[in-house]
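Report on one structure; see the data block that follows.
There are 4 protein chains.
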Amino acid sequence: MIVVLKPGATQNTVDDMTRRIEEMGLKAHVIVGTERTVIAAVGEKRNGEQETLAACDAVDKVVPILAPYKIASCEIKSEPTVVRALDLVIGGGNVGVIAGPCSVESEEQMMLSAAQVKESGAKGLRGGAFKPRTSPYSFQGLKEEGLKLLAAARDLTGLAIVTEVMTPEHVEMVASYADVLQIGARNMQNYHLLQAVGEVDKPVLLKRGPSATMDEFLLAAEYVLDQGNSQVVLCERGIRTFESHTRFTLPLATVPYLRERTHLPIVVDPSHGTGVASLVAPMSVASVAAGADGLLLEMHPNPSEALSDGAQSLTPEQLADTMTRCQVVADALEMSFG
Amino acid sequence: MIVVLKPGATQNTVDDMTRRIEEMGLKAHVIVGTERTVIAAVGEKRNGEQETLAACDAVDKVVPILAPYKIASCEIKSEPTVVRALDLVIGGGNVGVIAGPCSVESEEQMMLSAAQVKESGAKGLRGGAFKPRTSPYSFQGLKEEGLKLLAAARDLTGLAIVTEVMTPEHVEMVASYADVLQIGARNMQNYHLLQAVGEVDKPVLLKRGPSATMDEFLLAAEYVLDQGNSQVVLCERGIRTFESHTRFTLPLATVPYLRERTHLPIVVDPSHGTGVASLVAPMSVASVAAGADGLLLEMHPNPSEALSDGAQSLTPEQLADTMTRCQVVADALEMSFG
Amino acid sequence: MIVVLKPGATQNTVDDMTRRIEEMGLKAHVIVGTERTVIAAVGEKRNGEQETLAACDAVDKVVPILAPYKIASCEIKSEPTVVRALDLVIGGGNVGVIAGPCSVESEEQMMLSAAQVKESGAKGLRGGAFKPRTSPYSFQGLKEEGLKLLAAARDLTGLAIVTEVMTPEHVEMVASYADVLQIGARNMQNYHLLQAVGEVDKPVLLKRGPSATMDEFLLAAEYVLDQGNSQVVLCERGIRTFESHTRFTLPLATVPYLRERTHLPIVVDPSHGTGVASLVAPMSVASVAAGADGLLLEMHPNPSEALSDGAQSLTPEQLADTMTRCQVVADALEMSFG
Amino acid sequence: MIVVLKPGATQNTVDDMTRRIEEMGLKAHVIVGTERTVIAAVGEKRNGEQETLAACDAVDKVVPILAPYKIASCEIKSEPTVVRALDLVIGGGNVGVIAGPCSVESEEQMMLSAAQVKESGAKGLRGGAFKPRTSPYSFQGLKEEGLKLLAAARDLTGLAIVTEVMTPEHVEMVASYADVLQIGARNMQNYHLLQAVGEVDKPVLLKRGPSATMDEFLLAAEYVLDQGNSQVVLCERGIRTFESHTRFTLPLATVPYLRERTHLPIVVDPSHGTGVASLVAPMSVASVAAGADGLLLEMHPNPSEALSDGAQSLTPEQLADTMTRCQVVADALEMSFG
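Chains as they are written, first to last, in my numbering: chain A, 5 to 342; chain B, 5 to 342; chain C, 5 to 342; chain D, 5 to 342.
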């Protein structure tokens with residue numbers, strides 16, 4: 005890391021900082037500039053040295069050189085991680101699609117949804133049984149009953165089940181029904197939950213928090229990886245910005261940016277990313293074109309009857325159309341899709 | 005709520021929407037404008053009708069009229085809620101101050117900190133025993149051992165202990181040591197945790213998430229209030245914006261804005277809100293001037309030795325100076341301070 | 005528009021507001037809800053009535069129903085506007101590509117760039133002669149000398165010249181050399197400049213300001229259109245958000261969102277939108293897939309010698325590769341490209 | 005500056021980069037870390053070297069050490085700049101207040117406003133004659149007629165006139181009537197305009213753009229200073245963030261942050277910063293407490309009749325009350341106010 009001293013640092017200050025850096029087991033190189041003195045500290049181990057030095061009175065700022073994540077990094081493992089659950093394949097040239105309703109609402113709704121998703125060509129089925137809702141007065145999900153309906157839908161169709169787990173004590177139960185555990189955006193930094201899913205032998209789909217930086221996102225993945233679970237899928241679902249014409253702002257550059265830094269697969273959720281059904285198809289096609297390893301799409305047999313997120317849900321016909329358009333682009337770019 | 009139809013809605017569409025609104029038990033008023041037709045739906049109960057209507061094909065957008073929160077609202081309870089813990093009084097003309105280190109690090113550090121905080125005139129002592137850290141490789145706190153040191157510091161000084169709880173299963177344990185339970189910004193929408201602290205008979209200090217809107221913030225409080233715990237303190241600690249010269253952007257207008265809408269007290273955390281020690285004193289004084297009911301301040305006996313957040317920690321001398329400057333303004337504005 | 009009154013409005017207040025609305029020549033419909041009274045005002049003419057009503061003491065907020073722009077709207081003109089300049093065609097199923105260096109630096113650099121752009125298949129040549137630079141100490145462009153080099157490059161290659169004009173008094177001069185006048189993001193709300201280019205008979209490429217909303221963007225276009233110039237191209241070039249791993253955040257949903265509202269063509273600038281050369285190719289392909297009518301790409305014969313924006317400039321080889329990948333997707337989606 | 009090379013840089017690459025840095029007249033210090041090699045380049049002159057190096061293929065990023073502004077910096081001039089216009093004094097312990105309507109609307113409105121502002125104790129009078137409006141269909145100001153009314157109001161009251169200039173060709177005219185030239189937020193990076201006001205012998209009040217960083221803000225001031233006009237006042241008026249409950253987000257930490265870096269005075273505009281009249285008084289008091297050198301306040305004799313910005317305008321009574329509360333805090337902090 006680079007330690008930039010405040011203007012007018014005396015030789016005593018420089019010596020003192022050098023000593024502190026060396027006491028951390030690092031090697032210090034002092035560079036005296038025309039207006040500022042900086043010290044390069046070599047041998048950083050990511051153990052908080054940066055914070056400690058930044059707190060020193062004589063220090064203006066500390067500039068890290070290394071990325072703070074390790075296991076998620078391309079520098080540790082260069083071949084792409086491919087995540088599989090039943091017929092769903094995410095990564096390594098395969099664009100896996102997970103579709104389905106926001107919430108599990110009833111047996112009829114779920115079986116119908118599953119059949120429609122299957123028909124569309126997608127290989128994963130989403131549906132929330134435990135629903136994190138902004139208001140305590142909104143529908144909170146069918147809970148374990150919902151998980152049973154999801155499992156029944158898998159039995160019917162062979163689709164892999166992707167569903168959210170909200171709190172550590174539910175991890176075991178949710179994992180007993182689901183094929184992929186989803187961590188929602190609100191819980192991206194719920195570290196006890198991340199550690200709990202890190203101990204399970206099921207893939208984890210980790211959604212980016214709406215104000216998370218790339219480093220924070222990868223470090224959240226690192227919490228899961230660090231517990232021994234290497235099957236992590238990163239999901240871009242939009243960030244909060246000043247834009248209010250869409251529900252969130254969907255920054256697709258996340259896909260190629262992460263591709264250069266991590267071996268983990270990256271999927272996109274254009275349903276939450278836009279919040280508007282008519283924008284989902286073009287943003288799905290764009291996601292495939294940007295190199296995404298998968299899509300997470302909300303579809304409801306009848307969006308205007310949905311108990312949650314109807315405004316952003318595709319109809320079955322819109323899902324089929326979206327899949328067709330994506331397939332065309334995936335074919336053109338020689339990627340496997342579905 | 006106001007349901008705005010898309011351009012060119014036919015009479016059939018208007019009739020259909022009117023019927024749907026009335027099936028929800030609401031009264032529909034159709035207003036035919038020069039370019040658009042809108043339907044006012046009267047009798048809203050905050051049960052998700054807005055989402056359902058927004059998902060209808062014929063609907064352009066739905067504009068809510070009512071605030072989505074109830075118990076937190078001034079319209080339900082107009083006198084200000086005053087939260088007390090030992091000698092700490094927050095709200096109702098009292099500006100309560102909570103100060104202390106980011107993390108509990110050792111007995112020596114904690115006893116020294118407590119004495120310095122006491123000396124400064126603050127009535128609450130902060131310190132993290134369970135630390136949510138962005139990186140799994142950073143110091144994660146002393147856990148229950150840290151809670152014991154906090155309790156010992158209270159025994160020594162009489163200061164009220166404010167400390168964070170990170171996961172539902174720890175609530176009982178943390179509540180057995182602490183006087184005020186803090187919910188961190190990363191957990192503002194961890195609903196199981198909010199419900200768990202809602203069931204405890206201890207005040208809750210709820211930090212605003214860095215990308216939370218005012219409605220989301222008040223609805224998070226509503227999760228706690230809805231479980232029966234009425235002792236909730238709202239804490240503004242900065243939001244994530246494009247500004248990078250400070251750690252977060254501290255929007256003090258939150259204080260008077262919330263004052264007009266909720267009876268709950270509002271405190272400000274200028275330490276996280278700026279991330280820079282030299283900015284904490286002026287922003288503390290400004291918070292008092294803006295009408296805040298309290299301050300949450302990081303202080304460390306020796307910031308450059310701190311295991312976390314040293315860059316934003318005041319020294320004991322800086323804390324004393326900050327308290328003096330705030331006292332002067334509180335006196336001028338005839339508020340009780342400390 | 006919908007005028008929402010504050011809680012507890014008396015009949016007198018309602019009568020008073022009704023009178024004021026009717027004095028504006030609007031028709032008022034009063035709707036008494038369970039907690040609030042709202043007044044729908046029909047006949048809005050976009051003449052500032054909304055602001056005036058919002059300022060009344062009794063009013064909580066005013067919700068507009070109509071979009072504030074007119075000439076740019078799909079509701080006025082439904083067929084897409086196609087903008088042409090020499091062989092460059094933007095809109096109506098044609099994806100027009102404009103490429104070239106950030107700044108015109110020398111005759112040699114410009115002639116070489118033009119030949120490389122021509123070779124790549126693009127039909128427009130970009131290059132800044134007047135450069136808005138954040139620092140007064142950075143290279144400010146070759147000014148009229150640069151315009152002459154651009155015109156010479158057009159003579160050599162037949163490419164249409166796209167270049168920025170920064171201030172009203174330069175409009176005539178720049179228009180005498182250029183085929184398309186570019187308004188930079190910093191000047192999106194420089195209204196005297198917008199009016200000045202609105203009086204010229206050359207197409208205008210209008211870049212979105214980094215914090216402009218969609219309505220502000222379309223109203224800026226409206227300033228140009230209102231002067232009689234109907235040849236306006238909208239350009240999404242990224243917005244300022246908390247993300248710092250890219251220079252700006254590039255929200256591609258702008259493309260389909262605007263498509264639903266305006267007949268004007270929409271191009272994307274992934275060079276400024278990401279600020280990182282390696283992200284430009286994937287985001288270009290994604291832009292085409294999202295339905296963009298054109299691309300604006302920075303290319304430099306030797307980026308590491310560029311006087312500005314080198315980090316985001318493609319090499320000639322990277323430009324050729326980007327064009328090939330975009331062509332594949334445009335073909336698959338049956339759009340004309342180049 | 006610090007040049008961070010990409011992982012795996014060879015000795016050849018390091019040698020090549022070293023040579024390039026030295027060709028720029030800088031001294032290169034190579035530091036070989038455990039995972040990365042960095043080169044410290046000493047002797048930076050702020051002439052674009054940073055951009056050029058960042059564009060090199062072998063370079064991951066370049067970290068500047070020096071601030072990019074010079075004349076505005078505390079390191080060049082440590083005593084605070086005090087700006088005076090008639091009885092208005094801004095800076096050096098004086099909190100100068102400028103109040104008045106958003107727009108000059110009529111002689112009656114302006115004379116009444118001026119008398120009320122005078123009565124409140126403020127020493128500056130604001131009012132827009134040239135109005136930058138988001139929509140071409142909104143009131144655009146009375147233009148030169150408005151300037152004449154402002155001059156007449158000065159004759160009546162002795163208040164210093166602060167008014168906006170929007171385009172270079174108006175600078176001379178506006179300067180012939182006004183005492184302080186205001187550059188609006190939309191024009192913060194209108195460099196021709198900045199240079200034009202830099203050549204005039206009148207103080208300039210420069211508003212921060214809603215998405216401008218601190219460096220961009222100070223560099224905009226630098227454009228004015230660099231032309232020889234040293235009388236520049238910086239004005240924080242709110243930034244664009246995801247918050248929509250206020251018109252903008254008002255980050256008061258700007259005040260102490262800039263204080264540490266520049267000798268220029270810093271005023272706050274809580275009217276635009278919040279957009280809500282009831283929030284203006286508490287944020288004004290908070291601004292004084294944060295150390296602001298002045299306030300810019302919107303007041304209208306009758307806000308609900310205002311032609312622009314009525315929702316954020318104080319009534320004359322609210323202005324008087326705001327002044328009283330600010331005076332109390334200014335007295336307590338021993339600053340001169342008014």
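Think of the CB as a built atom: it goes at the ideal place given N, C-alpha and C, for glycine as much as any other residue.
{"Asked": "Sheet register partners of Q186/C (DSSP bridge)", "Found": "E168/C and L209/C"}
{"Asked": "DSSP bridge partner residues for H33/D (one or two, in chain order)", "Found": "A44/D"}
{"Asked": "Residue closest to E148/A, alpha-carbon to alpha-carbon, out of P260/A, V178/A and E123/A", "Found": "V178/A"}
{"Asked": "CB of C106/D within 7 Å of CB of S312/D, strictly", "Found": "yes"}
{"Asked": "Euclidean distance between Cα positions of G232/C and E203/C", "Found": "7 Å"}
{"Asked": "Chain C within 7 Å of C106/D, Cβ atoms only", "Found": "no"}
{"Asked": "Simplified DSSP assignment, three categories, for L129/A", "Found": "strand"}
{"Asked": "Within chain C, partners of E226/D - CB distance below 9 Å", "Found": "S139, P140 and Y141"}
{"Asked": "Cβ pair count under 8 Å reaching 3, the region 74 to 88 of chain C against the region 227 to 247 of chain C", "Found": "yes"}
{"Asked": "Under 9 Å from the C-beta of S248/B: neighbouring residues of chain C", "Found": "F246 and S248"}
{"Asked": "Backbone CA spacing between I69/A and Y181/C [nearest angstrom]", "Found": "46 Å"}
{"Asked": "Closest Cα partner of E39/B within the set F221/B, P11/B, G298/B and R251/B", "Found": "P11/B"}
{"Asked": "CB of M192/B within 7 Å of CB of A225/B, strictly", "Found": "no"}
{"Asked": "Own chain residues within Cβ distance below 8 Å of L283/D, not counting five before or after", "Found": "T250 and P274"}
{"Asked": "8 Å contact criterion, which L30/B and E55/B should meet: CB distance rounded", "Found": "Wrong, their Cβ atoms sit about 14 Å apart, outside the cutoff."}
{"Asked": "Continuous alpha helix (DSSP H) stretch holding R24/C: start and end", "Found": "Q15 to E27"}
{"Asked": "DSSP bridge partner residues for I69/B (one or two, in chain order)", "Found": "In DSSP, I69/B forms no bridge with anything."}
{"Asked": "Proximity winner among A315/D, A156/D, V7/D and I270/D, relative to K211/D (alpha-carbon distances)", "Found": "I270/D"}
{"Asked": "Delimiting residues of the beta strand (DSSP E) encompassing V272/A", "Found": "I270 to V272"}
{"Asked": "Selected residue, minimal CA-CA separation from G97/D, among A89/D, P84/D, G188/D and G314/D", "Found": "P84/D"}
{"Asked": "CB-CB length for V101/B against L299/B, believed under 8 Å", "Found": "5 Å"}
{"Asked": "Short-range partners of chain B found in the region 62 to 84 of chain C, where Cβ spacing is below 8 Å", "Found": "V67, I69, L70 and E79"}
{"Asked": "CB contact flag (M303/B, A103/B, <7 Å)", "Found": "yes"}
{"Asked": "Beta-bridge partners of M339/A, as assigned by DSSP", "Found": "Answer is none; M339/A lacks a bridge partner."}
{"Asked": "Selected residue, minimal CA-CA separation from Y195/A, among P214/A, D205/A, S215/A and F221/A", "Found": "F221/A"}
{"Asked": "Collapsed DSSP secondary structure at N98/B in the structure displayed", "Found": "strand"}
{"Asked": "Residues near L262/C in its chain [Cβ-Cβ closer than 6 Å; skip 5 each side]", "Found": "I270"}
{"Asked": "Span of the beta strand (DSSP E), counted from its first residue to its last, around R88/B", "Found": "V87 to A89"}
{"Asked": "Cβ distance (whole Å) where L197/B is taken to contact T217/B below 8 Å", "Found": "About 20 Å; that fails the 8 Å criterion."}
{"Asked": "Through-space distance from L238/D to M5/D, alpha-carbon basis", "Found": "28 Å"}
{"Asked": "Selection from A32/B, G131/B and D219/B that minimises the alpha carbon distance to R265/B", "Found": "D219/B"}
{"Asked": "V280/B versus V63/A: straight-line alpha-carbon distance, rounded", "Found": "12 Å"}
{"Asked": "Residue range of the alpha helix (DSSP H) that includes L311/C", "Found": "Careful: L311/C lies outside any alpha helix (DSSP H) and carries neither H nor E."}
{"Asked": "Cβ pair count under 8 Å reaching 3, the region 142 to 162 of chain D against the region 150 to 159 of chain C", "Found": "no"}
{"Asked": "N16/A beta carbon near the ligand NAD (any heavy atom closer than 6 Å)", "Found": "Looking at this structure, you won't find the ligand NAD or any other ligand, since it has none at all."}
{"Asked": "Reduced DSSP secondary structure (H/G/I, E/B, other) of V104/B", "Found": "The question names Val, yet the displayed sequence has Gly at residue 104/B. If DSSP states are grouped into helix, strand and coil, G104/B belongs with the strands."}
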